[in-house]
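A.B. asks: Per this note's numbering, the sequence shown starts with residue 58, numbered consecutively.
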Amino acid sequence: VHKCDLAKALNKESAYKSIIEEKILLVNELEERLRAAEDPDGDAIWKSPVHKVGSGSLQEKCRILQNHNRFLNEEVLKLAKMIQQEKKNTEMKQQQLRHLESEVDQLKRDYVFLMQSSLRINNCDGPETMEVYLYGGNRHKDRVLLLLEEARKINPTLPVYENMSRGLYHVDGLGFRRSFAEESLIVHYICRQLHQHYSALGPQYEHHQLQWKKHLRQNPSLPNSKELKILVRKGIPIHLRSRAWAILYRSRISDIMESKGPHYYNFLCSLAPDDERVSHHKRQIALDLLRTMPDNVRFADSNADGVRKMQEVLQAFCVHNPALGYCQGMNFLVGMCLLFLEPEDAFWCLVAVTERYFTANYFDQNLIGAQADQEVLKDLLREKMPLLWQHFSQLDIELCTVTLNWFLAIFFDCVPFEYRRFLKILIDPDLDNHFL
């Protein structure tokens, strides 16, 4: 309705302007004729009584037209004010519409999160089984699929239900292959993806991205600060992650990088194939390459690009730090880095973690530092969660058999990828263990 009224007002304004232009031309013509009639040096014909009468008539006509012109100008001003008010109303309505759309997206996000929360784990005789209960039957499933169809118009990288239900796997943005045998688990996975999709559309995420861009622009070297810690703990937008990671790890090892020179990594790679310092670890590295991320298309087989790069980085590190060499768990750290960084950056990130963040004995053959952290974890569990600790003790469960690999791999394979805050360890020099 407002747009229709605005269009009518604009049409009226255009018509009035055309009339005014015509009247102005006519007034100018009449004024010119009037001046010629009153000119004492003009032709005698204009001085005759007849033309004097005509001159008076022209003056009256000119006065009428001027009055009409003033009226039209006033109408144009009124229309201009109306148009300005309509523009303000339209902007206000558009703002209200954006707010409502944001609220709808939040409701959709909360809805799929509730669906996602319907996951229940049943302990049966034998292996642990997982099943999703869809309360309400197909009604909710159909609604989720409609939301998926709608969301794919904005983000075509979201999974296709029909493909997954036929047993085909979905490859996400980081290259991980996802497939499920149970239909209910497919719906649960779709809900998880939709939740991330709607979260990325929300004003809070947009504000967070703007904060990161502003911080990177104003602080290109990312000096350690309270603001930076808050931003990192809220997560680094995926398209800014490679840039932020590289800046942060370099700030921890700038002296090492400067002393080694710009071509140090390429030099290590050239030495690695025939170096004795690598030969002691080649077998274990080769075994771990395909164990790191078998579900990722970039690390799925021996010819994959990610596997080649990971081998290159790990062997280069063995030459760089022969005293430490290779330890199981480094492959997960390097693999995670290679999802966002080039091999040379992944190498230097490994150097930063093993030589600056962790103590020298954390990744050695005896894993002294990592074992010490397990004792700290036990103390924390006993103090903070006594009932759980008592339950483990009654079942005679040795906690480190589960948690040691978590610590060595910086929780790579035990926390959903989107919730990891790996870079906490690279921004706070006061932190000297995993208990962040």
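Virtual Cβ for every residue (Gly too), placed ideally from N, Cα, C.
Predicted, not measured: the structure shown is a model, and the values here were computed from it.
Report all residues from its chain with a CB closer than 6 Å to the CB of ASN388; omit the five preceding and five following residues, and keep chain order.
C.D. replies: Result list for ASN388: ASP345, THR349, in chain order.
A.B. asks: As an exercise, report each continuous alpha helix (DSSP H) stretch of at least 4 residues that is fully enclosed by the stretch 248-292, in chain order.
C.D. replies: Counting whole runs of 4 or more residues, the stretch 248-292 contains the alpha helix (DSSP H) stretches 260-275, 283-291.
A.B. asks: Under a Cβ-count criterion, where at least 16 other Cβ atoms within 10 Å of its own Cβ denotes burial, should VAL408 be classed as buried or exposed?
C.D. replies: The residue is buried, with at least 16 neighbouring Cβ atoms inside 10 Å.
A.B. asks: What three-state label does DSSP hand ARG469 in the structure shown?
C.D. replies: First, the amino acid is wrong: residue 469 is Phe here, not Arg. Looking at PHE469 - three-state DSSP - the assignment turns out to be coil, as it is neither helix nor strand.
A.B. asks: Since VAL335 contacts ALA343 with CB under 8 Å, what's their CB separation in whole angstroms?
C.D. replies: At roughly 11 Å, the Cβ-Cβ gap does not stay under 8 Å, so VAL335 and ALA343 are not in contact.
A.B. asks: Pull up the DSSP beta-bridge partners for PHE233, would you.
C.D. replies: According to DSSP, which records beta bridges pairwise, PHE233 is partnered with ASN353.
A.B. asks: When the distance is taken between beta carbons, is VAL169 closer than 8 Å to HIS227?
C.D. replies: No, they are not a contact pair.
A.B. asks: Determine the extent of the alpha helix (DSSP H) in which TYR322 is found, giving its start and end residues.
C.D. replies: Its alpha helix (DSSP H) spans residues 321-328.
A.B. asks: Let's test the definition: count the other Cβ atoms within 10 Å of the Cβ of ARG309 and tell me whether it reaches 16, buried, or not, exposed.
C.D. replies: Looking at its Cβ environment, which holds 16 or more other Cβ atoms inside 10 Å, ARG309 is buried.
A.B. asks: Can you tell me where the alpha helix (DSSP H) with CYS406 in it begins and where it stops?
C.D. replies: Residues 400-409.
A.B. asks: Rounded to whole angstroms, what's the CA-CA distance from MET442 to PHE356? Just pull it up for me.
C.D. replies: So the alpha carbons of these two residues sit roughly 38 Å apart.
A.B. asks: Of the choices LEU398, HIS272, GLN428, TYR262, whose alpha-carbon is the least far from that of ASP162?
C.D. replies: If we check each option's Cα against that of ASP162, TYR262 comes out closest.
A.B. asks: Using the DSSP secondary-structure output, state which residues sit across from VAL228 in a beta bridge.
C.D. replies: Partner(s): ARG234.
A.B. asks: Could you spell out where the alpha helix (DSSP H) holding PRO304 opens and where it closes?
C.D. replies: In the sequence as presented, Pro is not what sits at residue 304; that position holds Ile. Per DSSP, ILE304 belongs to the alpha helix (DSSP H) from 298-317.
A.B. asks: Can you tell me whether DSSP reads SER175 as helix, strand or coil?
C.D. replies: Coil.
A.B. asks: Using only alpha-carbon positions, find the residue among SER359, ASN281, TRP405, GLN250 that is nearest to HIS320.
C.D. replies: Nearest option by C-alpha distance: TRP405.
A.B. asks: Thinking C-alpha only, which one of CYS326, ARG249, ARG300 is nearest HIS272?
C.D. replies: Comparing Cα-Cα distances from HIS272 to each of CYS326, ARG249, ARG300, the minimum goes to ARG300.
A.B. asks: Along the chain, where does the alpha helix (DSSP H) that runs through PRO443 open and close?
C.D. replies: Start and end: 443-451.
A.B. asks: Quick one: Cα of HIS125 to Cα of THR147, how far?
C.D. replies: Approximately 33 Å, taken between the alpha carbons.
A.B. asks: DSSP on LEU154, reduced to helix/strand/coil?
C.D. replies: Helix, per DSSP.
A.B. asks: Take CYS326 and list the residues in its own chain whose beta-carbon comes closer than 8 Å to its own, dropping the five residues that flank it on each side.
C.D. replies: Closer than 8 Å at the Cβ level, and outside the excluded window around CYS326, lie GLU369, GLN372, ALA373.
A.B. asks: Is it right to say ASN353 is buried, meaning 16 or more other beta carbons lie within 10 angstroms of its own, or is it exposed?
C.D. replies: By the 10 Å Cβ count, ASN353 comes out buried.
A.B. asks: Work out the CA separation of ASP430 and TYR414 for me, nearest whole Å.
C.D. replies: Between TYR414 and ASP430, the C-alpha separation is close to 14 Å.
A.B. asks: Between LEU215 and ARG209, is the Cβ-Cβ spacing less than 8 Å?
C.D. replies: Yes, they are a contact pair.
A.B. asks: Considering only the beta carbon of each residue, do LEU82 and CYS119 sit closer than 8 Å?
C.D. replies: In this structure, CYS119 does not lie closer than 8 Å to LEU82 by Cβ.
A.B. asks: Which of the three DSSP states, helix, strand or coil, is assigned to ILE454?
C.D. replies: It is coil, neither helix nor strand.
A.B. asks: Roughly how many angstroms lie between the CA atoms of PRO280 and ARG274, to the nearest whole one?
C.D. replies: The straight-line gap from Cα to Cα measures roughly 12 Å.
A.B. asks: Could you tell me the distance, in whole angstroms, from the CA atom of GLU315 to the CA atom of TRP302?
C.D. replies: Cα to Cα, the separation comes out at about 18 Å.
A.B. asks: Roughly how many whole angstroms lie between the Cα atoms of ILE243 and GLN250?
C.D. replies: If you take the alpha carbons of ILE243 and GLN250, they lie about 11 Å apart.
A.B. asks: Count the other CB atoms, across all protein chains shown, that sit within 10 Å of the CB of THR458; report buried if there are 16 or more and exposed otherwise.
C.D. replies: So THR458 counts as exposed.
A.B. asks: Thinking C-beta only, is GLY386 closer than 8 Å to LEU465?
C.D. replies: Yes, these two residues count as a Cβ contact at 8 Å.
A.B. asks: Going by CA-CA distance only, name the one from ARG365, SER278, VAL410, GLY232 that's closest to PHE397.
C.D. replies: Measuring from the Cα of PHE397, the nearest candidate turns out to be GLY232.
A.B. asks: Express the C-alpha separation of LEU157 and ASP421 in angstroms, rounding to a whole number.
C.D. replies: Taking the straight line joining both Cα atoms gives about 56 Å.
A.B. asks: Please classify SER174: is it buried, with 16 or more other beta-carbons within 10 angstroms of its beta-carbon, or exposed?
C.D. replies: It is exposed - the Cβ of SER174 has fewer than 16 other Cβ atoms within 10 Å.
A.B. asks: Taking only the alpha-carbon atoms, compute the straight-line gap between MET393 and GLU440 and give it to the nearest angstrom.
C.D. replies: Their Cα atoms are separated by approximately 32 Å.
A.B. asks: What is the C-beta distance between ARG166 and TYR255, in whole angstroms, given that I count them as a contact (C-beta under 8 Å)?
C.D. replies: Indeed they touch by this definition, with Cβ atoms about 4 Å apart.
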